[in-house]
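K.L.:
Let me give you the structure first, and then I'll get to my questions.
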Amino acid sequence: MGWLKITSLKIVVLNGSPKGPRSITQQYVKYIQTIFPEHDYEYIPIAQKLPAIEKNSKRFNEIIEAIQDADGIIWAFPVYYLLVNSNYKRFIELIFERGVEKAFLGKYAASLSTSIKFHDHIAHNYIRAISEDLQTEFFDSASFHMDELLSDDSRKQIDNFAKNFFDTIIEKRVTTRYFPSLEGKPFEYQPTKPDLDPIHLPDKRIVIITDAKEEETNLQKMIQQTTKAFTNEVEVYNLHEVEIISTCQGCLQCAYDFNCVFKEKDEFTEFCEQNVKQADVLIFAGVIKDRFLSARWKMFMDRYFYNNHTPTLQNKQIGFLISGPFSKTGVLREQLLSFVEGHRANPVGFVTDEVRSSKKLDEAIESFARKTAYYAQHNYFQNTFRGVAGIKIFRDELLGGLKTVFRADHHYYKKHGLYRQTRKQSFRQKIFNKVLAFLVKLKGFRDRMYPQMVDYMVRPYEQKVKEIQEQQMKKEQ
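In this text, residue positions in the sequence shown follow my numbering: the first is 8, and each later residue adds one.
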């Protein structure tokens, strides 16, 4: 291995925490630096200093030059509301807006996050997809529970990840692309049905929230058509008209009583309490920016964390109007669905201008309105792993010690019985299962039971269907 003569690499660490150097995430990279001191590390507090970075073109260009001169890039960030912090997101937007993508070309990159493992895969998929769009050689992602640095065994995994990353750079190994390109021709939407056949949704408040700008004509027209699809007065709020002075700082001041440190300083909390939480139907409308919606939308989600880990949108119907290459941005779809299900709301679905036909888009909006109305009228709710697992993770973390800090969460979970969310069994079921657990230890019993297992499993469901069929037949007689 005499050809491995490079002993020092220049590593740029793009810190995605609004806390900057005082973040848990940066301590992980500091630990890596301690174990591999032969490399040169430059830490750049992207999320913490983003407002100044965006305003100061000189500072922005210095960061880009540091990236251009680096051998490797580490995207280091805490997971913020199923993705990265909105300031980090805005920095990524600036890279494309200011045309400096070439600084990343051919650079080796990796991502490292800290969290409680709640949908961390979405954040890493986002960063990987962005890195591939920037034509980096993306190595891998490492997601650590925020406490893992304190464990001897876990630190070994940090060592393994870092060494493999550095060796990959030194040996110039080839990497593999995971995500499709976003390239595609623009489509101009011109509604073909000025007079839709609107549907009435009695006693329901419908709210559309958007960040649409004047030049984003497709989205503007999609919103207009959606308002026409209901006889109800549909309220439309633009996030650019809501005073939001800052993204979430991760200070946890809200953890005690749900009161954000910015509550009296801007309009965000009042806006959410009066319009978001009071709606029966919510429709989020946005344009795809890189691999997600805009940083403004992400700021909305980040600041919504003043509700901590409580499902505050229960029983609402939530749908989406998306302009852009939606089918190629699985990260966006997964994040939005996880956001909705995590709040125990029902995801109605998506309408996008990818259909590339004004007539079909008109029809899709009408269909979307009818689907939404039916679900709202019948209180339909569907939940998958996204929502079920999320509550369980939060429950375990609170019981594991977070309830000491997140007192508001603790009181909510205790009041609503979320600490007891295991499958309930009747006394009869408990006795049956205990007896069965004993019998299954006997080989003779197992030899008779397992061959008939499918029959045992299906029988109660067959009986229920048969019972309902008989009831239906009696009604028809």
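Where a beta carbon is used, it is the ideal one built from N, C-alpha and C, also for glycine.
Could you give the DSSP three-state label for Gln324: helix, strand or coil?
P.N.:
For this step, residue 324 is matched to residue 317 along the sequence shown. In the structure shown, Gln324 sits in a strand (DSSP, three-state: E or B).
K.L.:
At a cut-off of 7 Å, is Gln33 close to the ligand NAD when judged by its beta-carbon and the heavy atoms of the ligand?
P.N.:
With respect to the ligand NAD, the structure shown offers nothing to examine, as it has no ligands at all.
K.L.:
For the beta strand (DSSP E) that Phe269 lies in, which residues bound it at each end?
P.N.:
Numbered from its first residue, the sequence shown carries residue 269 at position 262. Per DSSP, Phe269 belongs to no beta strand (DSSP E) and is neither H nor E.
K.L.:
Please state whether the Cβ-Cβ distance between Ala116 and Gly79 is less than 8 Å.
P.N.:
Indexing the sequence shown from 1 puts residue 116 at position 109. Indexing the sequence shown from 1 puts residue 79 at position 72. It is a contact, given that the beta carbons lie within the stated cut-off.
K.L.:
Since Val243 is in the beta strand (DSSP E), which residue starts that stretch and which ends it?
P.N.:
Residue 243 sits at position 236 when you count from the first residue of the sequence shown. Element bounds for Val243: Glu242 to Asn245.
K.L.:
Indicate whether the contact test is met: 3 or more Cβ pairs, each with one atom in the stretch 91–106 and one in the stretch 299–308, closer than 8 Å.
P.N.:
In short, these stretches touch, since the Cβ pair count reaches three.
K.L.:
Name the DSSP bridge partner or partners of Lys296?
P.N.:
By 1-based counting over the sequence shown, the position of residue 296 is 289. Bridge partners of Lys296: Phe299.
K.L.:
Does DSSP put Leu203 in a helix, in a strand, or in coil?
P.N.:
Locating residue 203 in the sequence shown gives position 196, where the first residue counts as 1. Leu203: coil per DSSP, three-state reduction.
K.L.:
Classify Asn440 as buried or exposed, calling it buried when 16 or more other Cβ atoms lie within 10 Å of its own Cβ.
P.N.:
For the purposes of this step, residue 440 is identified with residue 433 of the sequence shown, where counting begins at 1. Exposed, by the Cβ-count rule.
K.L.:
Could you spell out where the beta strand (DSSP E) holding Lys17 opens and where it closes?
P.N.:
Locating residue 17 in the sequence shown gives position 10, counting from the first residue. Its beta strand (DSSP E) spans residues Lys17 to Asn22.
K.L.:
Buried or exposed: where does Glu404 fall if 16 or more other Cβ atoms within 10 Å of its Cβ makes it buried?
P.N.:
Walking along the sequence shown from the start, residue 404 turns up at place 397. So Glu404 ends up on the buried side.
K.L.:
Between which two residues does the beta strand (DSSP E) carrying Val214 extend?
P.N.:
As a working mapping, residue 214 is identified with position 207 in the sequence shown. Per DSSP, Val214 belongs to the beta strand (DSSP E) from Ile213 to Thr217.
K.L.:
Can you check DSSP and say which residues form a bridge with Glu144?
P.N.:
Reading the sequence shown from its first residue, position 137 is the one you call residue 144. DSSP lists Tyr115 as partners of Glu144.
K.L.:
Less than 8 Å between the CB atoms is what I'm expecting for Arg310 and Ile216, so what's the real figure, rounded?
P.N.:
As a first step, residue 310 is located in the sequence shown; it is residue number 303 there, counting from the start. As a first step, residue 216 is located in the sequence shown; it is residue number 209 there, counting from the start. Rounded, the Cβ-Cβ distance is 13 Å, inconsistent with contact.
K.L.:
With DSSP collapsed to three states, give me the class of Asp78.
P.N.:
Counted from its first residue, the sequence shown places residue 78 at position 71. Residue state, collapsed to three classes: coil.
K.L.:
From Thr32 to Ser138, what does the alpha carbon distance come to, in whole angstroms?
P.N.:
Taking the sequence shown and counting its residues from 1, one reaches residue 32 at position 25. Taking the sequence shown and counting its residues from 1, one reaches residue 138 at position 131. Roughly 19 Å separates the two Cα atoms.
K.L.:
Note the first and the last residue of the continuous beta strand (DSSP E) segment covering Ile400.
P.N.:
Walking along the sequence shown from the start, residue 400 turns up at place 393. Premise fails: Ile400 lies in the alpha helix (DSSP H), Phe392 to Leu406, not in any beta strand (DSSP E).
K.L.:
Where Gln389 and Ala396 are concerned, what is the direct C-alpha to C-alpha distance, given to the nearest angstrom?
P.N.:
Reading the sequence shown from its first residue, position 382 is the one you call residue 389. Reading the sequence shown from its first residue, position 389 is the one you call residue 396. So the alpha carbons of these two residues sit roughly 14 Å apart.
K.L.:
Is it buried or exposed, Gly106, if we count other Cβ atoms within 10 angstroms and call 16 or more buried?
P.N.:
Residue 106 sits at position 99 when you count from the first residue of the sequence shown. Classification of Gly106: exposed, given that the 10 Å Cβ count is below 16.
K.L.:
Go through the stretch 39–100 residue by residue and report every complete run of the alpha helix (DSSP H) that reaches 4 residues or more, in order.
P.N.:
Qualifying alpha helix (DSSP H) stretches, in chain order: 53–62 and 64–76.
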